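S.K.:
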């Protein structure tokens, strides 16, 4: 069985050391039982190696030198100074796919299915490992938005609403599309969750050895000359911290005022009353371990009534159990990209308070649950949102003159 491999050669002074490398590759083949496919392998050199030495090494190894355009398993092997140029292949793939769809007569319902099942998930593989530049994400959003509003006989169409409004959930009047930038962060948070809960996996071991050997992942910093992948993981960790909550077991690993362990939305840590003195910094000091209950009098002396009420709602295990971090927004406690995206895109929901509410969430839910053809549901959605090109709407948008409106549309039904 052939195995793809990418070898990184550092500090090779001359071609005399190549036989040792070949012996190393031969040892890998014997241990793994797989043969290294040199035709699918490439070698990367540091800047300290001259071009003559690089050429000699590649000839002896029988492999090619990797370039900035090389990709391994669909991902770039080199991150150039221009991140937009590095990930340009994602935009090219999306534009090519949208161009194929433009030649077909598609209804809004068909466009919705294609965009959600194909276009929105097309960059997911790369976004799971790397932070895609915000500029590139905005361009991806623009391509998808233009395709959504485009007419069959034209590349452009009337843009009745912003992309942000279309990304709102359907129960809030949007269509539930995913913003590429928010989706990228939610996917990176999945990698951060993996590092946090699987510290023995190869990725976590590698990052710990390089970036946080003396501390935990939650306290890790960017460090000097961080890789682009590590910067993306830290961005995902920042999102993870917005929904990360400690599940109380023994309470020995949880700091009372520094860690988020209250089951509020979002998770929070309690604030002490003025002049309150903690007997200990650990949550375990608030628990009566003899009967498995909270120390009521101690809680009342440390926190206000509302905080005490929240703490008393936290169930305590009857059997010894270690504390652990969970994702607050999933009943299972496991992180999911879906809920992570909702947290990343929460500003969309917050902006609803600044827009007029013409339909509540129950009405929108009832509309999308109607047992009618999809095109009728989209017609009703456009009607309620004011996206139909009737005379009054066109006049409000100053697309027709007041004098010309009488001759364009029916004055009875508009």
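Residue numbers (my numbering): -8 to 405.
Think of the CB as a built atom: it goes at the ideal place given N, C-alpha and C, for glycine as much as any other residue.
The model shown is predicted, which means the values in this text are computed figures rather than measured ones.
I need the boundaries of the alpha helix (DSSP H) containing residue 127, first residue and last residue.
M.R.: 125 to 140
S.K.: Does DSSP put residue 345 in a helix, a strand or coil?
M.R.: Confidence is the limiting factor: at residue 345 the pLDDT is only 44, short of 50, which leaves the residue's position unreliable and the question unanswerable from this model.
S.K.: What is the DSSP secondary structure of residue 66, counted as helix, strand or coil?
M.R.: Residue 66 falls in the strand class under three-state DSSP.
S.K.: Quick check on residue 173: buried or exposed, where buried means 16 or more other Cβ atoms within 10 Å of its Cβ?
M.R.: buried
S.K.: Where do the ends of the alpha helix (DSSP H) carrying residue 315 lie?
M.R.: That residue, residue 315, is in no alpha helix (DSSP H); its beta strand (DSSP E) goes 315 to 318.
S.K.: Using the beta-carbon count (16 or more within 10 Å), is residue 132 buried or exposed?
M.R.: Looking at its Cβ environment, which holds 16 or more other Cβ atoms inside 10 Å, residue 132 is buried.
S.K.: One question on the structure: do residue 48 and residue 27 come within less than 8 Å of each other, judged by their Cβ atoms?
M.R.: Note that the C-beta distance between residue 48 and residue 27 is not below 8 Å.
S.K.: Quick check on DSSP: helix, strand or coil for residue 21?
M.R.: helix
S.K.: Indicate the three-state DSSP secondary structure (helix, strand or coil) for residue 55 in the structure shown.
M.R.: strand
S.K.: To the nearest angstrom, how far is it from the Cα of residue 254 to the Cα of residue 236?
M.R.: 7 Å
S.K.: Where residue 82 and residue 227 are concerned, what is the direct C-alpha to C-alpha distance, given to the nearest angstrom?
M.R.: 22 Å
S.K.: Taking C-beta to C-beta, are residue 186 and residue 356 nearer than 8 Å?
M.R.: no
S.K.: Identify every residue that forms a DSSP beta bridge with residue 246.
M.R.: 273
S.K.: Relative to the alpha-carbon of residue 258, which residue among 319, 364, 270 has its alpha-carbon at the smallest distance?
M.R.: 319
S.K.: Compare the C-alpha of residue 283 against each of 308, 261, 135, 266 and name the closest.
M.R.: 308
S.K.: What does a CB cutoff of less than 7 Å around residue 101 pick up in its chain, not counting 5 residues either side in sequence?
M.R.: none
S.K.: Identify which residue in 269, 150, 157, 121 has its Cα closest to the Cα of residue 219.
M.R.: 121
S.K.: Can you have a look at residue 196 and say buried or exposed, based on whether 16 or more other CB atoms are within 10 angstroms of its CB?
M.R.: exposed
S.K.: Is residue 36 helix, strand or coil by DSSP?
M.R.: Here DSSP, grouped into helix, strand and coil, assigns residue 36 to strand.
S.K.: Can you give me the C-alpha to C-alpha distance between residue 85 and residue 273, rounded to a whole angstrom?
M.R.: 51 Å
S.K.: Measure the alpha-carbon distance for residue 108 versus residue 169 and round it to whole angstroms.
M.R.: 11 Å
S.K.: Specify whether the segment 264 to 279 and the segment 232 to 251 touch according to this definition: at least 3 beta carbon pairs, one from each stretch, less than 8 Å apart.
M.R.: Two segments are said to touch when three or more pairs of C-beta atoms, one from each, lie closer than 8 Å; by this definition the segment 264 to 279 touches the segment 232 to 251.
S.K.: Among the candidates 154, 127, 129, whose CA atom is the shortest distance from the CA of residue 140?
M.R.: 154
S.K.: Going by beta-carbon coordinates alone, are residue 78 and residue 127 separated by less than 8 Å?
M.R.: yes
S.K.: Can you grab the Cα-Cα spacing for the pair residue 363 / residue 372, in whole Å?
M.R.: So the two alpha carbons sit approximately 13 Å from each other.
S.K.: Could you tell me whether the Cβ of residue 306 comes closer than 8 Å to any Cβ of chain B?
M.R.: Annotation note: the requested chain B is absent from the structure, which comprises a single protein chain.
S.K.: If residue 230 sits next to residue 335, beta carbons under 8 Å apart, how far is it from one beta carbon to the other, in whole angstroms?
M.R.: Going by Cβ atoms, the distance from residue 230 to residue 335 rounds to 6 Å, so yes, they are a contact pair.
S.K.: Please state whether the Cβ-Cβ distance between residue 138 and residue 89 is less than 8 Å.
M.R.: yes
S.K.: Please tell me whether residue 286 and residue 295 are closer than 8 Å, where the distance is taken between their beta carbons.
M.R.: no
S.K.: Cα separation between residue 96 and residue 142?
M.R.: 9 Å
S.K.: Quick one: measure Cβ to Cβ for residue 180 and residue 326, integer angstroms, because I've assumed they're closer than 8 Å.
M.R.: 7 Å
S.K.: State yes or no: is the C-beta of residue 148 within less than 8 Å of the C-beta of residue 376?
M.R.: Going by C-beta atoms, residue 148 is not nearer than 8 Å to residue 376.
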